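S.K.:
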Amino acid sequence: MPKHIILDSDPGIDDSLAILLALASPEIVLDGISTIHGNASTEQVTKNALSILELAKASHVPVFKGCDVPLVKDSLLGPETHGDTGLGYAKLPDPQTQPKIQHGSDYLIEQIMSRPGEVTLVALGPLTNVAIAIRKEPRIVQNVKEVFIMGGAIQHPGNTTALAEFNTYVDPHAAHVVFHSGMPMILTPLDVTYQCIFTKDDLNRLEKIDSPITKFISDSTRFYMEFHDEYQKIDGCVINDPMTLALTFMPEICDYQDLVVDVDISTGVGLGNTFADFYNYEKKPKNMKVAMGVRPRMFMELFLERMEGLCSKIR
Ligand code: RIB
Ligand code: CA
Numbered sequence: 025m026p027k028h029i030i031l032d033s034d035p036g037i038d039d040s041l042a043i044l045l046a047l048a049s050p051e052i053v054l055d056g057i058s059t060i061h062g063n064a065s066t067e068q069v070t071k072n073a074l075s076i077l078e079l080a081k082a083s084h085v086p087v088f089k090g091c092d093v094p095l096v097k098d099s100l101l102g103p104e105t106h107g108d109t110g111l112g113y114a115k116l117p118d119p120q121t122q123p124k125i126q127h128g129s130d131y132l133i134e135q136i137m138s139r140p141g142e143v144t145l146v147a148l149g150p151l152t153n154v155a156i157a158i159r160k161e162p163r164i165v166q167n168v169k170e171v172f173i174m175g176g177a178i179q180h181p182g183n184t185t186a187l188a189e190f191n192t193y194v195d196p197h198a199a200h201v202v203f204h205s206g207m208p209m210i211l212t213p214l215d216v217t218y219q220c221i222f223t224k225d226d227l228n229r230l231e232k233i234d235s236p237i238t239k240f241i242s243d244s245t246r247f248y249m250e251f252h253d254e255y256q257k258i259d260g261c262v263i264n265d266p267m268t269l270a271l272t273f274m275p276e277i278c279d280y281q282d283l284v285v286d287v288d289i290s291t292g293v294g295l296g297n298t299f300a301d302f303y304n305y306e307k308k309p310k311n312m313k314v315a316m317g318v319r320p321r322m323f324m325e326l327f328l329e330r331m332e333g334l335c336s337k338i339r
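Just add 24 to wherever you are in the sequence shown, counting from 1, and you've got our numbering.
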């Protein structure tokens with residue numbers, strides 16, 4: 025029985041790869057995408073989501089534009105990481121389809137409340153839409169099947185400040201609402217995603233296939249690799265979002281710990297920092313499962329095989 029998922033996403037290069045992986049994986053059905061500010065403006069990432077779906081001949085998947093700005097902080101986008109369009113050097117035709125009228129956070133509420141226990145939410149960007157949905161309809165906490173979150177850095181340096189990962193730094197207040205909501209959460213932090221580097225050899229394997237999909241992956245990840253080399257001296261690029269998506273149907277890629285996790289919303293240098301109370305000094309209930317160990321090549325082989333399969337499916 026395939027798992028029904030909704031992506032809340034800021035495509036973004038690695039978000040785009042997660043969308044492609046979702047479409048290439050028979051274990052899941054991509055019911056819809058709600059878009060959120062982050063890697064680029066909500067306007068831009070919404071256009072990107074529509075373009076990616078058209079690229080993969082999946083325009084039947086509805087897209088819902090979400091929040092444009094964080095709950096409290098000023099907007100922070102990621103052009104240095106994902107390029108001005110959010111897709112690096114990739115150039116996709118303007119989408120022929122439009123986003124739906126409904127707001128992204130209302131879409132999350134409607135889907136989760138209408139199908140209790142059936143919707144898996146995969147949050148790949150800042151958590152503004154999810155936080156707004158919780159505040160508007162608190163019962164989604166009990167009705168959502170599970171929530172996979174790409175974000176945070178537990179025992180790993182930040183990728184946006186010394187201490188904070190991008191998604192939790194862009195909207196730390198939204199992350200605080202979600203982390204304290206009681207939702208059944210599985211967190212995929214930088215601790216595991218930074219062990220899953222998409223290398224030039226991995227890209228070369230896909231470039232052997234003549235397909236608009238592989239051209240998109242090549243043009244988008246080339247920009248992403250240049251960022252990782254310049255800013256973090258990494259040979260390749262960290263594809264955080266497809267790794268998070270993969271855990272929805274192949275959890276054995278990672279090892280998990282049930283932890284008490286929180287996010288710093290104070291106004292100091294730690295804003296957006298996520299941390300776990302490993303010894304539970306304050307005797308709080310554990311609020312999420314956290315992926316803290318990973319089998320990198322198990323994930324990368326899955327990703328490469330699924331991209332190869334997708335190319336042959338949409339010749
Ligand atoms: O820190 C990495 C995360 O921030 C990824 O989801 C990336 O797409 C950006 O949203
Ligand atoms: Ca993302």
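For glycine and all other residues, C-beta sits at the position ideal for the given N, C-alpha and C.
Here the structure is a predicted model, which is why all the values come from computation and not from measurement.
1. Check whether the Cβ of Asp32 lies closer than 7 Å to any heavy atom of ligand 2, and answer yes or no.
2. Figure out for me which residue from Gly56, Thr152, Gly206, Lys169 has the closest Cα to the Cα of Arg139.
3. Buried or exposed: where does Tyr303 fall if 16 or more other Cβ atoms within 10 Å of its Cβ makes it buried?
4. Which stretch, first to last residue, makes up the alpha helix (DSSP H) that contains Lys239?
5. Assuming Leu340 and Asn72 are in contact, meaning their beta carbons sit under 8 Å apart, how far apart are those beta carbons, in whole angstroms?
6. Asn167 by DSSP, collapsed to three states: which one?
7. What span of residues does the beta strand (DSSP E) with Val318 cover, start to end?
8. If distances are taken between C-alpha atoms only, which option among Lys115, Leu230, Val171 comes closest to Ile136?
9. Checking the sheet assignment: what are the DSSP bridge partners for His28?
10. Could you tell me which uninterrupted alpha helix (DSSP H) segments, each at least 4 residues in length, are contained entirely in the segment 181-215, listed from first to last along the chain?
11. Do Arg319 and Ile277 come within 8 Å of each other at the CB atom, strictly closer than that value?
12. For Leu283, does the three-state DSSP call read helix, strand or coil?
13. Determine contact between the segment 263-279 and the segment 210-225, defined as no fewer than three beta-carbon pairs at a distance below 8 Å.
14. Among residues of its own chain, excluding the 5 on either side of Tyr113, which ones have a beta-carbon nearer than 8 Å to its beta-carbon?
15. Does DSSP classify Ser65 as helix, strand or coil?
16. If you pair each beta-carbon of the segment 46-66 with each one of the segment 148-162, do three or more pairs fall below 8 Å?
17. Let me make sure I understand the geometry here. Which of Phe273, His252, Lys115 has the alpha-carbon closest to that of Phe240?
18. Whose CA, out of Glu306, Lys307, Val287, Tyr305, lies closest to the CA of Thr298?
19. Find out if the Cβ-Cβ distance for the pair Leu41, Val85 is shorter than 8 Å.
20. Since Gly349 contacts Ile233 with CB under 8 Å, what's their CB separation in whole angstroms?
21. What are the start and end residues of the alpha helix (DSSP H) that includes Lys124?
22. Out of Cys91, Asp226, Phe203, which one is the CA nearest neighbour of Glu325?
23. Mind the definition here: the segment 85-94 touches the segment 172-184 only if three or more C-beta pairs lie below 8 Å; say whether that holds.
24. Thinking Pro35 and Glu51 are a contact (beta carbons under 8 Å), I'd like their distance in whole angstroms, please.
25. Please work out which residues of its chain come closer than 7 Å, Cβ to Cβ, to Gln205, disregarding the five sequence neighbours upstream and downstream, and give them in chain order.
26. When the Cα atoms are used, what is the spatial distance from Met249 to Thr70?
27. If you follow the beta strand (DSSP E) that Val154 is in, where does it begin and where does it stop?
28. Taking 7 Å as the cut-off, is the CB of Glu250 close to at least one heavy atom of ligand 1?
29. Would you mind giving the Cβ-Cβ distance between His200 and Ile289, rounded to the nearest angstrom? I have them listed as a contact below 8 Å.
30. Please check the pair Val285 and Val262, which I expect to be a contact at CB under 8 Å, by giving their CB distance rounded to whole angstroms.
31. Given that a residue counts as buried once 16 or more other Cβ atoms are within 10 Å of its Cβ, and exposed if not, what is Gly296?
32. The alpha helix (DSSP H) spanning Lys89 covers which residue range?
M.R.: Straight from the coordinates:
1. On the sequence shown, residue 32 is found 8 positions in, with the first residue counted as 1. Checking the Cβ of Asp32 against ligand 2 gives no.
2. If you number the sequence shown from 1, residue 139 lands on position 115. For Arg139, the nearest C-alpha among the options comes from Lys169.
3. Counting from one through the sequence shown, the residue named residue 303 turns up at place 279. Label assigned to Tyr303: exposed.
4. The residue you call residue 239 lines up with position 215 of the sequence shown. Segment 236-256, the alpha helix (DSSP H) holding Lys239.
5. Residue 340 cannot be examined here, being either before or after the span of the chain that is shown, 25 to 339.
6. By 1-based counting over the sequence shown, the position of residue 167 is 143. Of the three classes helix, strand and coil, the one that applies to Asn167 here is helix, per DSSP.
7. As a working note, residue 318 is residue 294 in the sequence shown. Its beta strand (DSSP E) spans residues 312-318.
8. Numbered from 1 along the sequence shown, position 112 holds the residue referred to as residue 136. The candidate whose alpha carbon is nearest that of Ile136 is Val171.
9. To locate residue 28, count along the sequence shown from 1; it is residue 4. His28 is bridged to Val53, Val143.
10. 190-194, 196-203
11. Taking the first residue of the sequence shown as 1, we reach residue 277 at position 253. Taking the first residue of the sequence shown as 1, we reach residue 319 at position 295. Contact: yes.
12. Locating residue 283 in the sequence shown gives position 259, where the first residue counts as 1. Three-state result, Leu283: strand.
13. yes
14. Mapped onto the sequence shown, residue 113 falls at position 89. Once the five neighbours on either side are set aside, the close Cβ partners of Tyr113 are Gly107, Asp243, Ser244, Arg246, Phe247.
15. Counting from 1 along the sequence shown, the entry for residue 65 is found at position 41. Here Ser65 sits in coil by DSSP.
16. yes
17. The residue you call residue 240 lines up with position 216 of the sequence shown. Here the closest residue by C-alpha is Lys115.
18. Sequence index remark: in the sequence shown, residue 298 carries index 274 (1-based). With distances taken between Cα atoms, Thr298 lies closest to Val287.
19. Position 17 of the sequence shown holds residue 41. Position 61 of the sequence shown holds residue 85. Result no, Cβ atoms of Leu41 and Val85 do not sit closer than 8 Å.
20. Because residue 349 is not part of the residues shown, which for the chain are 25 to 339, the question remains open.
21. Sequence index remark: in the sequence shown, residue 124 carries index 100 (1-based). Looking at the DSSP string, Lys124 is not in any alpha helix (DSSP H), and its letter there is neither H nor E.
22. In the sequence shown, residue 325 corresponds to position 301, counting from 1. Ranking Cys91, Asp226, Phe203 by Cα distance to Glu325 puts Asp226 first.
23. no
24. As a position in the sequence shown, residue 35 is number 11, starting the count at 1. As a position in the sequence shown, residue 51 is number 27, starting the count at 1. About 21 Å separates the two Cβ atoms, so there is no contact after all.
25. For the purposes of this step, residue 205 is identified with residue 181 of the sequence shown, where counting begins at 1. Here residue 205 turns out to be Ser, not Gln, going by the sequence shown. So the qualifying residues of the chain are Ile158, Val165.
26. Numbered from its first residue, the sequence shown carries residue 249 at position 225. Numbered from its first residue, the sequence shown carries residue 70 at position 46. Answer to the nearest angstrom: the Cα atoms are 23 Å apart.
27. Translated into positions along the sequence shown, residue 154 becomes position 130. Not the beta strand (DSSP E): Val154 falls in the alpha helix (DSSP H), residues 152-160.
28. Residue mapping note: residue 250 aligns to position 226 of the sequence shown, counting from 1. No, the Cβ of Glu250 stays beyond 7 Å of every heavy atom of ligand 1.
29. In the sequence shown, counting from the first residue as 1, residue 200 sits at position 176. In the sequence shown, counting from the first residue as 1, residue 289 sits at position 265. Going by Cβ atoms, the distance from His200 to Ile289 rounds to 5 Å, so yes, they are a contact pair.
30. For the purposes of this step, residue 285 is taken as the residue at position 261 of the sequence shown. For the purposes of this step, residue 262 is taken as the residue at position 238 of the sequence shown. Actually they do not touch by this definition, with Cβ atoms about 21 Å apart.
31. As a working mapping, residue 296 is identified with position 272 in the sequence shown. It is buried - the Cβ of Gly296 has at least 16 other Cβ atoms within 10 Å.
32. In the sequence shown, counting from the first residue as 1, residue 89 sits at position 65. First-last for Lys89: 87-89, but that is the beta strand (DSSP E), not the alpha helix (DSSP H).
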